[in-house]
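So the number in this note's numbering is just where the residue sits in the sequence shown, counting from 1, plus 702.
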Amino acid sequence: MDHKELPILELRNLSKTYELKGHRAVDALKAVHLELYPGECLGIVGESGSGKSTLARCVTHLERVTSGQIRYRQQDITRLNGKALRSQRERIQMVFQEPSAIFNPRMKIGAFIREPLINYKIMKGQQAEQEVLRLLERVGLSAATAGKYPHELSGGEQQRAVIARAIGVRPDIILFDEATSALDVSIQQQIMDLLLELRKETGISSIFISHDLAVVQQVSDRIAVMYQGEVVEIVESSQLTSSANHPYTRSLMASVLSVREMKHKMKAQKQEEEQGRMGVLQESLSG
Ligand SMILES: Nc1ncnc2c1ncn2[C@@H]1O[C@H](COP(=O)(O)OP(=O)(O)O)[C@@H](O)[C@H]1O
Ligand SMILES: [Mg+2]
Numbered sequence: 703m704d705h706k707e708l709p710i711l712e713l714r715n716l717s718k719t720y721e722l723k724g725h726r727a728v729d730a731l732k733a734v735h736l737e738l739y740p741g742e743c744l745g746i747v748g749e750s751g752s753g754k755s756t757l758a759r760c761v762t763h764l765e766r767v768t769s770g771q772i773r774y775r776q777q778d779i780t781r782l783n784g785k786a787l788r789s790q791r792e793r794i795q796m797v798f799q800e801p802s803a804i805f806n807p808r809m810k811i812g813a814f815i816r817e818p819l820i821n822y823k824i825m826k827g828q829q830a831e832q833e834v835l836r837l838l839e840r841v842g843l844s845a846a847t848a849g850k851y852p853h854e855l856s857g858g859e860q861q862r863a864v865i866a867r868a869i870g871v872r873p874d875i876i877l878f879d880e881a882t883s884a885l886d887v888s889i890q891q892q893i894m895d896l897l898l899e900l901r902k903e904t905g906i907s908s909i910f911i912s913h914d915l916a917v918v919q920q921v922s923d924r925i926a927v928m929y930q931g932e933v934v935e936i937v938e939s940s941q942l943t944s945s946a947n948h949p950y951t952r953s954l955m956a957s958v959l960s961v962r963e964m965k966h967k968m969k970a971q972k973q974e975e976e977q978g979r980m981g982v983l984q985e986s987l988s989g
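Pasting the structure below:
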């Protein structure tokens, strides 16, 4: 991709070490360099423990970095406090794997989506109510969902509600950390289709994190491959097969291919079985 624009987000030499009393220090991020461009979806893939969530938590200020810099629109936002931090949080939203973790079980979905609109003084009163309905519709949920409690929604519907809340504040960037990983494959696909649509419509930049390369490849323009706290390779999503060099990327690709092959084989086997059954049926009919 040809990047004429300046990055909206830059990670420079970002490191994070967890020091726990009585434990060996863990270098969860080691001098990570990444750039996110306006309108881009950057995928991040890597096995469990490679530092993906730590990266997301550092970018959203849920975690303090050990060293290095986070730059947002050419400004250093690594160490913000108070009001500046609050307004920065509005710009970068995050969607987690477990929507239930951010729901208040006693707050109805409508109030849940409205909350940041009020808190960030984006809208109030009747206008906010209307906006909630518009957002629900936008993510494929009925207006009646506003009156429901989180536990009355399926996993996929919950994640849609979380996405509605995230896009409601009109952020510049949304981070998705394993946002579809807990969902059934078909629901996962529906959510990814929604993300692709929203992206086309809103132009929001995003970082899409998953341990599953096949999923990441579907939604991302470029893919950063993480391994033991480092970004070992960045590849254009469309050229993944031809241009990936790092052995770790290759092994990830091999596992994606083997899953595809297995699915293919299973399908072929099922067809064979069905043909076999038809054969027996026909024999018994004619016999
Ligand atoms: N709060 C924490 N305290 C100590 N170690 C942590 C903490 N969070 C993550 N780690 C460690 O940091 C490394 C990266 O973890 P994480 O960012 O969660 O990886 P991923 O999201 O890729 O699975 C792992 O070794 C993990 O055990
Ligand atoms: Mg994680």
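Glycine included, every Cβ here is placed at the ideal spot set by N, Cα and C. Just so we're clear, the structure is a prediction, and the values are computed from it rather than from any experiment.
Can you tell me whether residue i is buried or exposed, with buried defined as 16 or more other CB within 10 angstroms of its CB?
i: Glu899; result: exposed
i: Pro949; result: exposed
i: Lys754; result: buried
i: Thr847; result: buried
i: Asp879; result: buried
i: Arg867; result: buried
i: Thr943; result: exposed
i: Asp870; result: Reading off the sequence, residue 870 comes out as Gly, not Asp. Buried, since its Cβ has 16 or more Cβ neighbours within 10 Å.
i: Ser922; result: buried
i: His763; result: buried
Assuming contact is defined by CB atoms lying nearer than 9 Å, are residue i and residue j in contact in what I supplied?
i: Ser908; j: Cys743; result: yes
i: Gln861; j: Ile893; result: yes
i: Gln795; j: Ile875; result: yes
i: Met955; j: Ile746; result: no
i: Val734; j: Leu757; result: yes
i: Pro818; j: Glu792; result: yes
i: Ile779; j: Pro740; result: no
i: Asn806; j: Phe814; result: yes
i: Ile906; j: Pro873; result: yes
i: Leu897; j: Ile925; result: no
i: Lys718; j: Glu749; result: no
i: Glu932; j: Lys732; result: yes
i: Ser752; j: Gln930; result: yes
i: Gln716; j: Leu738; result: With the sequence shown as reference, residue 716 is identified as Leu, and Gln is not the correct amino acid for it. No, these two residues do not count as a Cβ contact at 9 Å.
i: Leu855; j: Ile811; result: yes
i: Glu825; j: Pro852; result: At residue 825 the sequence reads Met, which differs from the Glu that was named. No, they are not a contact pair.
From the DSSP secondary-structure annotation, give me the bridge partner or partners of residue i.
i: Cys743; result: Ser908
i: Arg714; result: Gln771
i: Tyr950; result: Its beta-bridge partners do not exist; DSSP assigns none.
i: Phe814; result: According to DSSP, which records beta bridges pairwise, Phe814 is partnered with nothing at all.
i: Val761; result: Answer by DSSP bridge pairing: none, since Val761 is not bridged.
i: Tyr720; result: Val728
Spell out whether any CB of chain C is found under 9 Å from the CB atom of residue i.
i: Ala813; result: The structure shown contains no chain C, having only a single protein chain.
Looking at ligand 3, does it come within less than 8 Å of residue i, judged from the CB to the closest heavy atom?
i: His763; result: Annotation note on ligand 3: not contained in the displayed structure, which lists ligand 1 and ligand 2 as its ligands.
Any contact between the stretch 769-786 and the stretch 932-941? By contact I mean 3 or more CB pairs, one from each, below 8 Å. no
Spell out a yes or no on whether the stretch 834-844 and the stretch 784-793 are touching, meaning 3 or more CB-CB pairs, one atom from each, closer than 8 Å. no
Would you call the stretch 913-922 in contact with the stretch 881-890, where contact means no fewer than 3 C-beta pairs closer than 8 Å? yes
Residue ranges of each alpha helix (DSSP H) within the stretch 773-812, 4 or longer: 784-793
Counting only runs of 3+ residues fully inside the stretch 886-935, write out the beta strand (DSSP E) ranges in chain order. 907-912 and 924-929
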